[in-house]
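In terms of my numbering, the sequence shown is residues 64 to 258.
These notes are about the structure you will find just below.
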Amino acid sequence: MQINMDVDGVVADTIPYLFSLLKSEGLFDLKPIDDPHWRTWDVLGNLSPQAKKATLDYWANEQFWLNLPVVPFAQEKIDLMRIAGHHINWITAPWKSCRSWFEARREWLHKHFKHPDQDLEKDYHATGNKTPVWADVYIDDKPASVEAWREKWCNPYIKYERAFLFETNFNHNEQKDFSSFDWNNVPEFLVTPNG
Ligand SMILES: [Mg+2]
Numbered sequence: 064m065q066i067n068m069d070v071d072g073v074v075a076d077t078i079p080y081l082f083s084l085l086k087s088e089g090l091f092d093l094k095p096i097d098d099p100h101w102r103t104w105d106v107l108g109n110l111s112p113q114a115k116k117a118t119l120d121y122w123a124n125e126q127f128w129l130n131l132p133v134v135p136f137a138q139e140k141i142d143l144m145r146i147a148g149h150h151i152n153w154i155t156a157p158w159k160s161c162r163s164w165f166e167a168r169r170e171w172l173h174k175h176f177k178h179p180d181q182d183l184e185k186d187y188h189a190t191g192n193k194t195p196v197w198a199d200v201y202i203d204d205k206p207a208s209v210e211a212w213r214e215k216w217c218n219p220y221i222k223y224e225r226a227f228l229f230e231t232n233f234n235h236n237e238q239k240d241f242s243s244f245d246w247n248n249v250p251e252f253l254v255t256p257n258g
């Protein structure tokens with residue numbers, strides 16, 4: 064199967080890494096994530112002006128994107144998906160203020176998810192609009208993106224789940240009716256040959 068895989072929040076530990084950098088500079092001043100005022104998809108809106116400026120500076124620098132840690136167990140589970148015969152397409156939204164973002168992200172994917180069948184000329188798509196890209200299975204941590212993809216590609220009358228929300232600390236209050244999982248709980252059919 065063709066699997067369209069988001070990168071930030073699913074295989075790259077982007078927000079926790081940002082928080083660790085802010086903490087190291089004494090700038091971490093976010094509201095607790097269980098605060099009802101937490102705006103999950105507006106990290107910048109949750110920060111003080113000083114922390115926001117530091118964040119924009121990090122994000123404009125390719126070192127941030129090159130140094131991102133991998134989400135725990137993502138490599139092992141992606142390996143299992145590949146062994147099961149599935150093909151990973153990376154669908155990721157660019158950060159435009161970083162001029163070398165595209166190359167940095169490609170280098171990061173090559174470093175952490177290299178595979179003989181992976182051709183990053185073909186399998187790496189940098190786009191903010193992920194909905195038009197067909198796949199058998201779609202995986203993303205942003206509820207709105209999963210919803211939009213599901214709307215376009217899934218037949219509501221067929222109970223074959225294809226659009227998955229990847230569960231994180233930052234979307235747990237938005238999981239609604241999505242099919243969802245994290246790397247500790249991957250659906251069998253994604254890691255089983257002929258599943
Ligand atoms: Mg994401």
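All C-beta atoms in this analysis are idealised placements derived from N, C-alpha and C, irrespective of residue type, glycine included.
Beta-carbon spacing of residue i, residue j below 8 Å
i, j, result
"Trp158", "Trp212", "no"
"Ile154", "Asn67", "yes"
"Val106", "Trp246", "no"
"Thr190", "Ala156", "yes"
"Asp199", "Leu228", "no"
"Tyr80", "Pro132", "yes"
"Ala226", "Val249", "no"
"Asp182", "His150", "no"
"Glu230", "Phe244", "yes"
"Trp104", "Arg168", "no"
"Leu90", "Ala114", "yes"
"Pro206", "Lys239", "yes"
"Glu184", "Cys161", "no"
"Asn192", "Gln65", "no"
"Ala147", "Thr255", "yes"
"Ser242", "Glu214", "no"
"Thr18", "Asp71", "Shown here, the chain extends from 64 to 258; a query on residue 18 therefore has no answer."
"Ile141", "Phe176", "yes"
"Trp197", "Trp171", "no"
DSSP beta-bridge partners of residue i
i, result
"Gln65", "His150"
Delimiting residues of the alpha helix (DSSP H) encompassing residue i
i, result
"Leu183", "Careful: Leu183 lies outside any alpha helix (DSSP H) and carries neither H nor E."
"Pro79", "Thr77 to Ser87"
Next on the checklist: To test your reading of the DSSP string, which unbroken beta strand (DSSP E) runs of 3 or more residues are found completely within the segment 191-250?
Outcome noted: The qualifying runs are 200-203, 226-229 and 242-244.
Next on the checklist: Give the residues whose C-beta lies closer than 7 Å to at least one heavy atom of ligand 1, in chain order.
Outcome noted: Ordered along the chain, the selected set is Asp69, Val70, Asp71, Gly72, Val73, Asp203, Asp204 and Lys205.
Checklist entry - What are the uninterrupted segments assigned as beta strand (DSSP E) that are 3 or more residues long and contained completely in the segment 89-164, given in chain order? => result Under the rule that a run must span 3 or more residues, the beta strand (DSSP E) segments found entirely inside the segment 89-164 read 150-155.
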